[in-house]
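Quick notes on the structure that follows.
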Amino acid sequence: MALSGSDADPRLQALAHLAVTVGVNIQPQQPLIISAPWEARQWVQEACRAAYQAGSGWVQTVYEDPELLRVALMTMDSVPQSALPSPEHALLSRSPDAAHLRILGPRPTLLEGISAQRLVDFHGLLKAGNTSTFHTVRCCSVPFVTEDWARFVRPGLDTAAAMDALWNDVFELCAVVGAEADSRALQARLERNEQITQWLNTQQFDWIQFQNNGSELTVGLLKNTAWQGARIRAQSVVPFLSAIPLEPVHCLLDPLQVEGTLSVPQSLKIAGHSVEGLALKFQKGRLSAITATQGRSFMEQLVQTDSGAERLGQVRLTEASQGSIEPSMNYFAPILDNVLRSGLTLGSADKNRLVPGANQSDLSIDLPVGDSDTRIYGGYRDGKRSLIYDRGRFCF
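To convert, note that position 161 of the sequence shown is 1588 in the numbering used here; the numbers rise steadily by one, no gaps.
Encoded structure:
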């Protein structure tokens, strides 16, 4: 798929325009910092062009070479005493008024062959590569299809066909049709997201319970926190989107109030390791047992990263896709998978919204929960509960 020049796919240009004008919602003369994998440099040019056409200030780019992380994990003899700040953080510290566009290019096989113990020992390197930006900055994340990602998700196709197929799904999930974004579809999704957010906040549930064929898990919601939707605000009054596709409704958990069993229906690819048939049992908030048909030993080592790695940090709720993409589709990338099904985060809570009592960890793994059989209840400390989600849709 062409990325620049006269033969550029108009949908890529439309996605770049959407990311800049709606995602970060760039303002006149506002600086923009774009961080992206090296593979995305031609798409970044489209984003730069869209920003300047929208009247932005200077656009600065930070390119990342993911292979350097593998080199570090394979080569370093000892754990660094401290991590250097990421280049985009250095730029943002000097330009606090800048917006930040993060281009995410998943690489599912990047860390294949690196042992779980090595990953645990050097988890600071993984954290440094995934740290969220400053909470005061308007930051939007957007997916970019890499060759590695496309080949992994579409193994039956050659590389070019796999990339085209995956890009088609990205465009659909981002509401991009033809040469422009489908503003009606995007607005409808955003309005539904905000409707769900407002309804959940009015209900003031104390806990949420997941039930399906393999799961019965109750998670307590952290006191004095609210459900957050896709549209948020930094310290300014200018709204922006935290991600495109739209981030699902989510809320911080009380890491001490988790009971029951969570069965993960989808296959996972975590730091290059495959995990199948995963089931987690929690008692008094802490992970007490792990079973899996593949990857059990890896998971048992990984949750030893730190004291928060054995607890849950966040819950997210989303309705099943109404488009052509099957809800069971697995992209092995949270930025897309989280749009298709509800789930929980093992380890770190949302670093942009940390409050007292929220779980803190260098580990952050998104676990899918929802499927067509999932029922979700909202309840209160007095034992009362009500069905809030069934057959992929909310019940209000």
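Heads up, the beta-carbon is just placed ideally off N, CA and C, and yes, glycines get one too.
The structure displayed is predicted, hence computed values, not measured ones.
Worksheet item: Are P1795 and P1692 close, meaning C-beta to C-beta below 8 Å?
Response: Going by C-beta atoms, P1795 is nearer than 8 Å to P1692.
Fill in: Coil, strand or helix - R1581 by DSSP
Coil.
Worksheet entry | Cβ contact (3+ pairs, closer than 8 Å) linking the stretch 1813-1821 and the stretch 1742-1754 | In this structure the stretch 1813-1821 touches the stretch 1742-1754; the number of beta carbon pairs closer than 8 Å is three or more.
Worksheet entry | Range of the contiguous beta strand (DSSP E) that encloses S1462 | Per DSSP, the continuous beta strand (DSSP E) segment holding S1462 begins and ends at 1459-1464.
Discussion item. Please tell me whether T1745 and N1639 are closer than 8 Å, where the distance is taken between their beta carbons.
Written reply: With contacts defined by Cβ atoms closer than 8 Å, T1745 and N1639 do not form a contacting pair.
Worksheet item: Thinking C-beta only, is Q1457 closer than 8 Å to A1525?
Response: Against a cut-off of 8 Å, the Cβ pair of Q1457 and A1525 comes out as a contact.
Discussion item. Restricting to Cα atoms, I'd like to know which of C1566, R1768, W1485, N1620 is closest to V1665.
Written reply: The residue from C1566, R1768, W1485, N1620 with its alpha-carbon nearest to that of V1665 is C1566.
Worksheet entry | DSSP-derived helix/strand/coil call for Q1655 | Secondary structure of Q1655 (DSSP, three-state): strand.
Worksheet entry | Collapsed DSSP secondary structure at Q1631 in the structure displayed | DSSP places Q1631 in coil when its eight states are reduced to three.
Worksheet entry | As assigned by DSSP and simplified to three states, the class of E1539 | Reduced to three states, the DSSP call for E1539 is coil.
Discussion item. If the criterion is Cβ atoms closer than 8 Å, does the pair W1465 and D1492 meet it?
Written reply: Going by C-beta atoms, W1465 is nearer than 8 Å to D1492.
Fill in: Neighbour-count burial assignment, T1560, 16 or more Cβ in a 10 Å radius
Because T1560 sits at a pLDDT of 45, beneath the cut-off of 50, its placement in the model cannot be relied upon, and the following sentence gives the value as read from the coordinates. With 16 or more other Cβ atoms within 10 Å, it is buried.
Practice prompt. Decide if G1805 is buried, meaning its Cβ has at least 16 other Cβ atoms within 10 Å, or exposed.
Written response: Residue environment: G1805 is assigned as buried (16 or more neighbouring CB atoms within 10 Å of its CB, all protein chains considered).
Worksheet entry | Beta-carbon separation (whole angstroms), T1652 vs V1742, contact threshold 8 Å | Not really, about 11 Å apart at Cβ, beyond 8 Å.
Worksheet item: If you run the structure through DSSP and keep just helix, strand and coil, what is A1670?
Response: Looking at A1670 - three-state DSSP - the assignment turns out to be strand.
Worksheet item: Does the distance from the CB of A1467 to the CB of V1447 come in under 8 Å?
Response: No. Outside cutoff.
Item to complete: Mind the definition here: the stretch 1530-1546 touches the stretch 1686-1701 only if three or more C-beta pairs lie below 8 Å; say whether that holds.
Response: A contact between stretches requires three or more CB pairs, one per stretch, nearer than 8 Å, and the stretch 1530-1546 meets this requirement with the stretch 1686-1701.
Item to complete: Could you check what DSSP says for A1747 in three-state terms: helix, strand or coil?
Response: It is coil, neither helix nor strand.
Worksheet item: Closest by CA to P1533, which one among S1568, V1547, D1548?
Response: If we check each option's Cα against that of P1533, S1568 comes out closest.
Discussion item. Just to confirm the assignment, what range does the alpha helix (DSSP H) spanning P1761 have?
Written reply: In the DSSP assignment, P1761 falls within the alpha helix (DSSP H) that extends over 1761-1767.
Practice prompt. Rounded to whole angstroms, what's the CA-CA distance from E1401 to A1657? Just pull it up for me.
Written response: This structure cannot speak to residue 1401, because the chain is shown only from 1428 to 1823.
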